[in-house]
Amino acid sequence: MDLTSSQFQEAVLQRLDAVEQTVDRMQQVLHDTHIISISAYNTAARVHNSRPTEEVRTLLPLRREQPGGALGQLPPAGVFPAMHTDFWQLTVERLDQLAAFYGQAFREADATLEQRRPAFYQFIFGMNSASGPSSMRRRQQQQ
Numbered sequence: 028m029d030l031t032s033s034q035f036q037e038a039v040l041q042r043l044d045a046v047e048q049t050v051d052r053m054q055q056v057l058h059d060t061h062i063i064s065i066s067a068y069n070t071a072a073r074v075h076n077s078r079p080t081e082e083v084r085t086l087l088p089l090r091r092e093q094p095g096g097a098l099g100q101l102p103p104a105g106v107f108p109a110m111h112t113d114f115w116q117l118t119v120e121r122l123d124q125l126a127a128f129y130g131q132a133f134r135e136a137d138a139t140l141e142q143r144r145p146a147f148y149q150f151i152f153g154m155n156s157a158s159g160p161s162s163m164r165r166r167q168q169q170q
């Protein structure tokens, strides 16, 4: 069966559309896989960060999970607290930088640092703030 030029062009366009749809689906799968790997990393980091310890322990920074920035990126060096004890040294400016980086408010912008700290604690340690900063602070002071 001989195809006319317009029939041939139509067949090619249909094939190209099918290929484009396949590529779009593959890109979505890659994106979803990337999100899953970021989430898995952050879960492992939260488990590491939340383990009670008698010694000073380093904190693992979380990767960005929210759209609006480069997914999977780590915050700039020196912004995320490096050690458990550094959590208490966070300034309002650093917490604002972390909130902007992660796309998280950590409470209202006009809240005090002491009011915002439990939300940030819950974010990085992955636990209920009721069991968080105050009990961690007591452990730190006992050492």
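FYI, the numbering for the sequence shown is 28 to 170, going by the numbering used here. Even glycine gets a Cβ: it sits at the ideal position worked out from N, Cα and C.
Taking CB distances under 8 angstroms as the criterion, tell me whether residue i reaches chain B.
i, result
"Gln-36", "The question asks about chain B, but that chain is absent: this structure has only one protein chain."
For residue i, which residues in the same chain have their Cβ closer than 7 angstroms to its Cβ, ignoring the five residues on either side in sequence?
i, result
"Arg-90", "Ile-65, Tyr-68, Asn-69, Gly-99, Gln-100, Leu-101"
"Gln-131", "Phe-150"
"Ala-109", "Thr-85, Leu-86"
"Phe-152", "Arg-73, Asn-76, Ser-77, Gly-159"
May I ask which residues mark the beginning and end of the alpha helix (DSSP H) holding residue i?
i, result
"Ala-146", "140-152"
Tell me which residues share the same chain as residue i and place their Cβ nearer than 8 angstroms to its Cβ, disregarding the 5 neighbours each side in the sequence.
i, result
"Ala-38", "Leu-30"
"Val-46", "none"
Leaving out five residues before and five after residue i in sequence, what residues of the same chain have Cβ atoms less than 6 angstroms from its Cβ?
i, result
"Phe-128", "Pro-102"
"Val-119", "Leu-140"
"Phe-133", "Ala-126, Arg-143, Ala-146, Phe-147"
"Phe-114", "Pro-108"
"His-111", "Arg-84"
Could you say which of the options lies nearest to residue i if we only look at CA atoms?
i, options, result
"Arg-73", "Leu-87, Ala-138, Glu-92, Phe-147", "Leu-87"
"Arg-121", "Gly-105, Glu-135, His-111", "Gly-105"
* Whole alpha helix (DSSP H) runs in the region 67-132 with 4 or more residues, listed along the chain? -> 119-129
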